[in-house]
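For reference, the structure is listed below as structure tokens.
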Amino acid sequence: MFKEKWLKIAYTIILGLIIIFLAGRIPYFMEPLTTVLSFIMLPLLFSIFLYYLLRPLVNILEEKLKIRTIAVIISFLAAVSIITIIIYLGGNIIYEQSRELGGRYELVYSSLVEIFENIRDFINIEREIIDDFNLRERLIAYTDSIIMRLSTYNYMGIFSSLTNIGLIILLIPFVLFYLLKDDKKIYQKTIEMIPESKRSQVEELAQDIDKLLSDFITSQLLVSLFTAFVMLIGFLIIRLASPLVLALIVFITSLIPIIGPAIGILPALFLALTESIITALIVIIIFIIAQYLEGNLIRPLIQGKSMDIHPLVVLFVVLTGVYLFGLIGALISVPLYAVLRLIYQERILKKK
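Per my numbering, residue 4 is the first one in the sequence shown, and the count goes up by one each step.
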């Protein structure tokens with residue numbers, strides 16, 4: 004009986020992976036879905052993220068003011084004021100450092116080209132080692148293609164989606180306002196749709212999911228802030244150019260579990276290479292220290308047991324999300340997996 008149960012689970016997982024893989028190979032199936040996720044899910048995703056950050060403040064104000072709408076408006080004004088102060092105090096520094104970082108593009112580009120050319124020269128020198136494996140031609144072609152891409156890539160293309168970004172930014176406050184104002188009504192209306200015999204079970208599960216998402220969002224934000232702060236201190240100590248901008252990049256990318264911090268450190272690493280190999284190695288050491296402190300000190304203190312997922316599973320889940328839905332998939336994959344795992348544990352395992 005035990006073996007049959009796990010065989011069914013294994014078959015279900017394998018079948019699901021096959022379906023996901025095949026769906027990813029069908030452009031006319033995935034492209035519309037990705038478009039819908041970009042224009043609908045992205046504002047909703049950011050709104051839910053901000054909802055869990057502002058909800059505690061709204062609840063506290065509602066207890067004192069007795070009117071939730073006023074509590075939501077005050078919370079909005081407080082959030083906008085904090086953001087305005089941060090922009091006022093740090094905006095000019097970030098702008099100047101961004102210009103400085105942009106001005107170093109040619110230097111970064113030259114350093115990367117030099118690295119790839121050194122690799123190519125090394126391949127020519129060590130020809131006898133790799134000729135037997137037919138790797139020389141492949142590696143030279145690969146490094147040539149990277150150099151070509153670096154020289155022909157249109158870096159201004161990043162601004163082509165400003166209109167879409169503007170629409171998303173405009174949608175977020177509206178969605179967030181109604182989530183904060185009517186969250187209890189939305190929850191109650193949803194529960195009323197459930198048959199009475201199952202209602203108590205669904206309510207318990209919904210509360211567990213709500214706590215899980217709240218814990219994940221809060222812990223991931225704090226972990227990202229901590230990682231960015233440690234990296235900023237390190238950048239300031241070694242006097243790396245544009246430290247605040249580089250730390251901001253680390254903070255944003257660290258919101259993606261496992262692979263996010265590694266992606267966020269790349270700009271700092273490339274910039275360090277323009278100074279010296281030693282500087283680049285020091286940046287890597289700072290990154291390792293930040294990751295060690297985050298994984299062994301900060302995360303165990305703030306992350307609940309519901310998010311205790313093995314790093315290898317997290318990596319697989321994030322990569323699957325990136326493969327299917329890009330950035331959106333990277334952001335939602337881990338909490339979505341945690342929710343599905345919770346549903347499985349609560350509704351299937353307990354029933355058995």
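The C-beta atom is built at its ideal place from N, Cα and C for all residues, glycine as well.
Distance between Glu207 and Arg242, taken at the CA atoms: about 52 Å. For Ser203, the enclosing alpha helix (DSSP H) covers residues 199–240. For the pair Pro198 and Thr323, the Cα-to-Cα distance works out to about 35 Å. For Thr256, the CB contacts under 6 Å within the same chain, skipping 5 residues up- and downstream, are Gly263, Ile266, Gly267 in chain order. The stretch 186–194 makes contact with the stretch 204–218: 3 or more CB pairs, one atom from each, lie closer than 8 Å. Sorting Ile261, Pro176, Leu216 by C-alpha distance to the C-alpha of Thr230 places Ile261 at the top. Around the beta carbon of Asp218, a 10 Å sphere encloses 16 or more other beta carbons of the protein chains shown; the residue is thus reported as buried. Taken in chain order, the complete alpha helix (DSSP H) segments of 4 residues or longer contained in the stretch 286–343 are 302–305. When secondary structure is reduced to three states using DSSP, Glu278 falls in the coil class, being assigned neither helix nor strand. With a contact defined as Cβ atoms closer than 8 Å, Leu215 and Val342 qualify at about 7 Å.
Rounded to whole angstroms, Pro338 and Ile280 show a C-alpha spacing of 38 Å. Per DSSP, Ala265 is one residue of the alpha helix (DSSP H) stretching across 262–267. Classified as exposed, Gln348 has fewer than 16 neighbouring CB atoms from the shown chains inside 10 Å of its CB. In the three-state scheme derived from DSSP, where H, G and I count as helix and E and B as strand, Ser245 is classed as coil. Here the C-alpha atom of Gly332 lies approximately 20 Å from the C-alpha atom of Val226.
Met234 sits away from Ala275, with the two beta carbons spaced by 8 Å or more. DSSP places Met196 in the coil class of the three-state scheme, outside both helix and strand.
Burial check for Ser84: the Cβ neighbour count within 10 Å stays below 16, so the residue is exposed. When only Cα atoms are considered, Tyr326 and Val253 end up about 22 Å apart. For Lys69, the three-state secondary structure derived from DSSP is coil. With a cutoff of 8 Å on beta-carbon distance, Arg71 and Lys184 are scored as near each other. C-alpha of Thr87 to C-alpha of Ala81: approximately 10 Å in a straight line.
Apart from sequence neighbours up to five positions away, the residues of its chain that approach Leu345 with a beta-carbon distance below 8 Å are Leu208, Asp211, Ile212, Leu215, Ser309, ordered along the chain. Secondary structure of Ile259 (DSSP, three-state): coil.
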